[in-house]
Amino acid sequence: MKRLIHRFRVLPLRSRLALLTAAAVAVAVALAAGACWVVTKEQLGHQRDTTLSNQQVDERAVLQLVRSCGTNPSGLPPAPGSYTIQVVTANGLVCTTPGKPAIKVVGADLAVAAGQAGEVLHDAVATDGQRMRVATYRFPNQQVLPNTAVSIAQPLSDVDKPLGSLAVVLVLTAGVGVVLAATAGLWIARAALRPVDRLTGAVEHIARTQDLAVRIPVEGDDEIARLSSSFNAMTAALASSRDRQQQLIADAGHELRTPLTSLRTNIDLLARSEETGRAIPADDRKELLASVRAQMAELAALIGDLQELSRPDGPEGSGPLQVVPLHEAVDRALTRARLRAAGAGLTIDAHVDPWYVRAEAGALERAVVNLLDNAVKFSPSGGVIEVRLADGELTVRDHGPGIPADELPHVFDRFWRSPSARSLPGSGLGLSIVARTVQQAGGEVTLRPADGGGTVATVRLPGAAVEPPPL
């Protein structure tokens, strides 16, 4: 049995469907044929018994049969049809229609002859071995033939032969039906699995060629169509992810090339000075070392940003469900930003109300730091940066040159930098990290021009003014 199950499982899916269809039809046809045969058998048997019970033999024929018992007179009328007439007396005397084999008498027949039972129906065997159906009733005129019964018998083959023919017809019909069902099942399986074959071919093509541009035609709105749509969405997402990955690598290589080239140039100058013994003036040497340190810091910041962006994107709100006091993260970011602002002659005016959110604490604080760093970077000396946190909305407003309207749609793109800001330090990843962090926390971030000049960055995060209970 286990071997058969294993062989069935290794068959192609369409073959299994065809076999299951044929098996289901075979069971249904077998049950229907069996029920038909049983009902027909019962009906024919009932009809035969009714006919035997209603069959009455003429009284004169019975008397003549009894008078000629043991002889074969030519004047005795034959039994109608294939019936056998037999007279049974209570003392065991049996007279059978001439030319017909005698039928074995049973106790029920003798009981009817003795008046101890009414009419009876039973199966019996003739002397020639033929199986018979016998109906025995008491002879009506007991004054003439006391204690006598008359049996009328019919061969069971009269019913069994039609039943056998019917069984052969039903078996042949069932066999043809099963074959047709298997053929239809195979055809239906092929038609039904044609979309699956296309999907399999597309998957094999992608595995062989790495071509994620393959799309499967979607027809209808059934399960196969949903599967095709899901597959198309999956390949589109994979293609987009691969394109973003390639773009990230290309942009990262471009951004790394500039500080590395500058760093290599400065180090080559310092090394050549050491190798040739020609000292670099102290001021120039100090400037070179300061440039090297700045470039190394820029590389370190860029690598940190790339590590942050290299983490897989999750759906909105799928970040770690950790309760984070946003106001505390803003306060820590303000402490760091004020140190940079003081060196640039800037003032930070902050008003922060309590607000608790569910997010990743480190990533959220880094996003706030990036917003404040941008405000410090683009604010003029002596300016004021306004920071507000109220009802889950954090705003950072600077009084810098602002962002042109045609550049606003690109500010959250990776490595995008405004033409006016390309001379300033930075990698163009800060706002991308802000957008990613805020979206993973279920919020949104926007940038817009501020009234009177400058830019307003707005972050909205779902949360509460009081600390929620832990999950």
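Numbered per mature numbering (1 follows the signal peptide of the UniProt record, and there is no 0), the sequence shown spans residues -32 to -1, 1 to 439.
For each residue, glycine too, the CB sits at the ideal point set by N, CA and C.
Got a sec? Which residues, its chain only, sit under 6 Å from residue i by beta carbon, not counting five neighbours each side?
i	result
glycine 43	With a pLDDT of only 46 at glycine 43, under 50, the local geometry of the prediction cannot be trusted, and the value read off the model is given with reservation. Once the five neighbours on either side are set aside, glycine 43 has no close Cβ partner at all.
arginine 106	Val80 and Ala117
What is the DSSP secondary structure of residue i, reduced to helix, strand or coil?
i	result
aspartate 91	strand
isoleucine 248	coil
leucine 180	coil
isoleucine 271	helix
glutamine 408	helix
glycine 83	coil
cysteine 63	strand
alanine 1	helix
alanine 70	coil
isoleucine 371	coil
alanine 58	coil
proline 377	helix
valine 292	strand
Going by the beta-carbon positions, is the gap between residue i and residue j smaller than 7 Å?
i	j	result
serine 347	aspartate 366	yes
alanine 103	serine 21	yes
glycine 153	threonine -12	yes
residue 464	glycine 370	Nothing about residue 464 can be reported from this structure: the residues present for the chain run from -32 to 439 only.
arginine 300	glutamate 333	yes
alanine 297	valine 337	no
leucine -16	alanine 157	yes
glycine 351	leucine 302	no
isoleucine 174	valine 186	no
threonine 363	threonine 405	no
For residue i and residue j, I'd like the C-alpha separation in whole angstroms.
i	j	result
alanine -5	glutamine 11	22 Å
threonine 65	isoleucine 53	5 Å
serine 208	methionine 202	10 Å
arginine 261	glutamate 328	31 Å
leucine 33	lysine 9	34 Å
leucine 167	leucine 429	41 Å
isoleucine 316	valine 291	27 Å
glycine 67	leucine 138	37 Å
alanine -7	glutamine 408	57 Å
glycine 311	aspartate 321	27 Å
residue 451	valine 6	This structure cannot settle anything about residue 451, because the visible part of the chain is limited to -32 through 439.
alanine 305	lysine 345	10 Å
serine 230	arginine 246	21 Å
serine 391	alanine 343	With a pLDDT of only 47 at serine 391, under the threshold of 50, the placement of this residue in the model should not be trusted; the figure read from the coordinates follows. The alpha-carbon atoms of serine 391 and alanine 343 are separated by roughly 16 Å.
alanine 85	leucine 148	55 Å
If I measure Cβ to Cβ from residue i and keep anything under 8 Å in the same chain, skipping five residues before and after, which residues do I get?
i	result
glycine 431	Leu294, Trp323, Tyr324, Val325, Arg326 and Gly360
asparagine 109	Glu27
alanine 70	Gln54, Val62, Thr64, Ala94 and Thr95
alanine 418	Arg365, Asp366, His367, Gly370 and Val424
glycine 60	Val73 and Leu78
Which residue or residues does DSSP assign as beta-bridge partners of residue i?
i	result
proline 123	Met100
arginine 261	Answer is none; arginine 261 lacks a bridge partner.
leucine 415	Ala425
isoleucine 316	Ile353
leucine 362	Leu357 and Val427
tyrosine 324	Pro293 and Ala432
threonine 8	According to DSSP, which records beta bridges pairwise, threonine 8 is partnered with nothing at all.
What does a CB cutoff of less than 7 Å around residue i pick up in its chain, not counting 5 residues either side in sequence?
i	result
leucine 238	Leu256
alanine -3	Ala142
Is there a Cβ from chain D that is less than 7 Å from the Cβ of residue i?
i	result
aspartate 91	Chain labels in this structure do not include chain D; a single protein chain is all it has.
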